[in-house]
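Data block below; observations after.
Numbering (my numbering), first residue to last: 9 to 400.
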């Protein structure tokens, strides 16, 4: 006779402690999202190679340690990323265990010589969406995706066209939840309000660039997510390969001066060959992260990841890797706890300007809560409900 009091066994790693994705999306996901932009060889000149065999090893490690949240896009590696994930899910027979996200909007047919007119193989419009989801489902070898993103905002598609077309995908069963990325907060707020008024599916997730050195998301997007009941899925949390120790940077400098190796410094360390990822503030931030890492006997990237996760309860960083040991480091970072002093030291290293009107309302630290507004304190003393805190 089955034990009706059975309790699920403890997972083999902290990756297996799942959480609700968002107040508006009850699906349960791992605390980290596996980014697969590097899966494939089509972009190897920019990102380095990660063939099918290497990608399978990463997917297996992530899955075997409790990870179930996987992120891709139709444009990643000209579709090869989706193909690899589809093959992996088929071989492992685990599609229903995976929370799978993909995206549309970017020019995903540029490498296809059979396509002469590219005009509608990109953008937010309904035709672009229709072609994209149909093709993605074929490559992923599935009948639906759990999360479907608008990848970037094109400033041409009307909100009614977008939200009705996305809702049609949900009602057809091709998509379960909606997400949006690289889009102004005001657009997302308007889109969700339109959907709310019309009884359509709203966006539950926002994906955007965010790290301790680049905190622009905190001006409008993170407060919007909190207000709209949305999760934040940040990419670039580890500095896109730019958060490196002083010893690593010195070694790269010596290598560059000696002329050894080939290609740029970014190519030699196997990261993305994208110029904008190396910015002066990232070096300053790396030094601050390194000081805390030394004190806690951990890695610099573990500290960067822990910083993002303490900023709110519905934050699920996208972690990309081409080697299993890099992925292991991110999983191990889930056990790292930062103190309030640690967070303050990190954020003081690269001061962040919240800009107007937040600085008018709350000073240099901005305003996201009633207690932050100094003008309110002039006419009374109030006990406010605390802002949502990160999970223990």
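Every residue, glycine too, gets a C-beta built ideally from N, C-alpha and C.
Can you tell me which of 190, 156, 181, 196 puts its alpha carbon nearest to the alpha carbon of residue 168?
One-based indexing of the chain shown puts residue 168 at position 160. Residue 168 has its Cα closest to that of 196, out of 190, 156, 181, 196.
Segment contact flag, the segment 171-189 with the segment 220-229, C-beta cutoff 8 Å, min 3 pairs
no
Outcome for residue 426 when other beta-carbon atoms lying within 10 angstroms are tallied against a minimum of 16
Residue 426 is absent from the model: the chain starts at 9 and stops at 400.
Residue burial classification, residue 80 (beta-carbon count within 10 angstroms, cutoff 16)
Within the chain shown, numbered from 1, the residue matching residue 80 stands at position 72. Counting Cβ neighbours within 10 Å, residue 80 comes out buried, since at least 16 surround it.
Helix, strand or coil for residue 155? Go by DSSP, reduced to three states.
Your numbering for residue 155 matches position 147 in the chain shown. Three-state DSSP puts residue 155 in a strand.
C-alpha gap between residue 56 and residue 313, whole angstroms:
As a working note, residue 56 is residue 48 in the chain shown. As a working note, residue 313 is residue 305 in the chain shown. Approximately 23 Å between the Cα atoms of the pair.
Nearest to residue 335 by alpha carbon, out of 146, 310, 237, 396?
On the chain shown, position 327 is the one that residue 335 refers to. Among 146, 310, 237, 396, the Cα nearest to that of residue 335 is on 310.
Can you say whether residue 274 is buried or exposed, counting buried as having 16 or more other CB atoms within 10 angstroms of its CB?
In the chain shown, residue 274 corresponds to position 266, counting from 1. Confidence in residue 274 is poor, its pLDDT being 45 and thus under 50, which makes the residue's placement unreliable; the coordinate value appears in the next sentence. Classification of residue 274: buried, given that the 10 Å Cβ count is 16 or more.
Tell me, to the nearest whole angstrom, how far the beta carbon of residue 89 is from that of residue 160; I am working on the premise that it is less than 8 Å.
Taking the first residue of the chain shown as 1, we reach residue 89 at position 81. Taking the first residue of the chain shown as 1, we reach residue 160 at position 152. With 8 Å as the limit, residue 89 and residue 160 do not qualify as a contact, their Cβ atoms being about 17 Å apart.
At which residue ranges does the segment 146-232 contain complete beta strand (DSSP E) runs of 3 or more residues, listed in the order of the chain?
153-158, 183-189, 211-217
Taking the alpha-carbon of residue 338 as reference, which of 349, 347, 325, 350 has the nearest alpha-carbon?
As a first step, residue 338 is located in the chain shown; it is residue number 330 there, counting from the start. The residue with the shortest Cα to Cα distance from residue 338 is 325.
Close Cβ partners of residue 283 (< 8 Å) along its chain, the five nearest in sequence each way excluded
Taking the chain shown and counting its residues from 1, the one referred to as residue 283 is at position 275. Low per-residue confidence applies at residue 283: pLDDT is 43, beneath 50, and the placement is therefore not dependable, though the value from the model is reported in the following sentence. Counting only Cβ-Cβ distances below 8 Å, and skipping sequence neighbours, we find nothing.
Could you check what DSSP says for residue 242 in three-state terms: helix, strand or coil?
The residue labelled residue 242 in the question sits at position 234 within the chain shown. Strand.
Just checking my contact of residue 149 with residue 98 at CB under 8 Å: how many whole Å lie between their CB atoms?
Taking the first residue of the chain shown as position 1, residue 149 is located at position 141. Taking the first residue of the chain shown as position 1, residue 98 is located at position 90. Confirmed, about 5 Å.
Please tell me whether residue 153 and residue 35 are closer than 7 Å, where the distance is taken between their beta carbons.
Position 145 of the chain shown holds residue 153. Position 27 of the chain shown holds residue 35. No, these two residues do not count as a Cβ contact at 7 Å.
For residue 398, tell me which candidate among 30, 294, 50 has the shortest Cα-Cα distance.
As a working mapping, residue 398 is identified with position 390 in the chain shown. With distances taken between Cα atoms, residue 398 lies closest to 30.
Just checking, does the segment 188-195 make contact with the segment 206-216 on the three C-beta pairs under 8 Å criterion?
yes
Would you kindly report the start and end of the unbroken beta strand (DSSP E) that includes residue 112?
Mapped onto the chain shown, residue 112 falls at position 104. Looking at the DSSP string, the run of the beta strand (DSSP E) that includes residue 112 is 107-112.
Whose CA, out of 103, 100, 111, 40, lies closest to the CA of residue 342?
On the chain shown, position 334 is the one that residue 342 refers to. Checked all of 103, 100, 111, 40; the closest Cα to residue 342 is 40.
By the DSSP assignment, the alpha helix (DSSP H) with residue 314 in it spans what residues?
On the chain shown, position 306 is the one that residue 314 refers to. 308-317 is the extent of the alpha helix (DSSP H) around residue 314.
Where DSSP assigns a beta bridge to residue 328, which residues make up the other side?
Here residue 328 refers to the residue found at position 320 when the chain shown is read from its first residue. DSSP lists 43 as partners of residue 328.
Flag residue 242 as yes when its Cβ comes closer than 6 Å to any non-hydrogen atom of the ligand FMN, and as no otherwise.
As far as ligands go, the structure on display features none, and thus does not contain the ligand FMN.
Report the three-state DSSP secondary structure of residue 292 (helix, strand or coil).
Taking the chain shown and counting its residues from 1, the one referred to as residue 292 is at position 284. Residue 292 falls in the helix class under three-state DSSP.
Residue 318 to residue 238, Cα distance in whole Å?
Translated into positions along the chain shown, residue 318 becomes position 310. Translated into positions along the chain shown, residue 238 becomes position 230. Roughly 16 Å between the two C-alpha positions.
Sort 92, 74, 320 by Cα distance to residue 17 and report the nearest one.
Taking the first residue of the chain shown as position 1, residue 17 is located at position 9. Nearest C-alpha to residue 17: 74.
Residue range of the beta strand (DSSP E) that includes residue 35:
The residue labelled residue 35 in the question sits at position 27 within the chain shown. Unbroken beta strand (DSSP E) run through residue 35: 33-37.
Taking the C-alpha atoms as reference points, what is the distance between residue 278 and residue 110?
Numbered from 1 along the chain shown, position 270 holds the residue referred to as residue 278. Numbered from 1 along the chain shown, position 102 holds the residue referred to as residue 110. Below a pLDDT of 50, predicted positions are generally treated as unreliable, and residue 278, at 44, falls in that range; the measurement from the model is reported next regardless. Each residue's alpha carbon lies about 25 Å from the other.
Could you check where the beta strand (DSSP E) with residue 30 kicks off and where it finishes?
Counted from its first residue, the chain shown places residue 30 at position 22. Run containing residue 30: 27-30, per the beta strand (DSSP E) assignment.
For the segment 253-262 and the segment 293-312, state whether three or more C-beta atom pairs, one from each stretch, are separated by less than 8 Å.
yes
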